[in-house]
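Only one structure is covered here, and it is reproduced in the block below.
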Amino acid sequence: MATTIRVKIANGHRPQVNAIVEASPGTTPDEAAQQWVAARYGEWITRNITEAFSFRNVGVAQFDVMFSSTEHAREFQSLIGGQEVADAS
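Rendered as structure tokens:
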């Protein structure tokens with residue numbers, strides 16, 4: 013059963029997201045946040061936990077990461093933080 017963790021993003025990432033927007037005219041802040049989350053967290057999750065995950069509802073303030081394994085979700089939560097959400101659609 014899939015488990016989703018919602019992570020609130022601290023403001024320290026904003027300069028990196030803004031740099032993506034500036035480097036790619038036409039990119040919205042939410043699109044830039046999606047790129048940043050994929051690079052920062054996606055690569056880390058793949059290296060340290062699993063390849064069976066997906067990002068949902070990514071924005072400049074938070075994102076959801078859905079794991080196919082509850083065990084992987086709990087491992088991510090213990091290492092990174094966040095709150096388990098019942099309905100993240």
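Position one of the sequence shown corresponds to residue 13 (this note's numbering), numbered consecutively onward.
Positions of the beta carbon are idealized from the N, C-alpha and C atoms, including for glycine.
To the nearest angstrom, report how far apart residue i and residue j are at their CA atoms.
{"i": "residue 23", "j": "residue 74", "result": "10 Å"}
{"i": "residue 98", "j": "residue 29", "result": "28 Å"}
{"i": "residue 62", "j": "residue 84", "result": "7 Å"}
{"i": "residue 96", "j": "residue 88", "result": "11 Å"}
{"i": "residue 48", "j": "residue 13", "result": "27 Å"}
{"i": "residue 76", "j": "residue 69", "result": "6 Å"}
{"i": "residue 78", "j": "residue 17", "result": "6 Å"}
{"i": "residue 90", "j": "residue 60", "result": "13 Å"}
So, residue i versus residue j, is the Cβ gap smaller than 9 Å?
{"i": "residue 50", "j": "residue 67", "result": "yes"}
{"i": "residue 15", "j": "residue 82", "result": "yes"}
{"i": "residue 94", "j": "residue 19", "result": "yes"}
In three-state DSSP terms, what is residue i?
{"i": "residue 62", "result": "coil"}
{"i": "residue 16", "result": "strand"}
{"i": "residue 97", "result": "strand"}
{"i": "residue 77", "result": "strand"}
Who does residue i pair with in a DSSP beta bridge?
{"i": "residue 88", "result": "Paired residues: none, contrary to the question."}
{"i": "residue 52", "result": "Per DSSP, none; premise fails for residue 52."}
{"i": "residue 26", "result": "Looking at the DSSP assignment, residue 26 forms no beta bridge with any residue, so it has no partner."}
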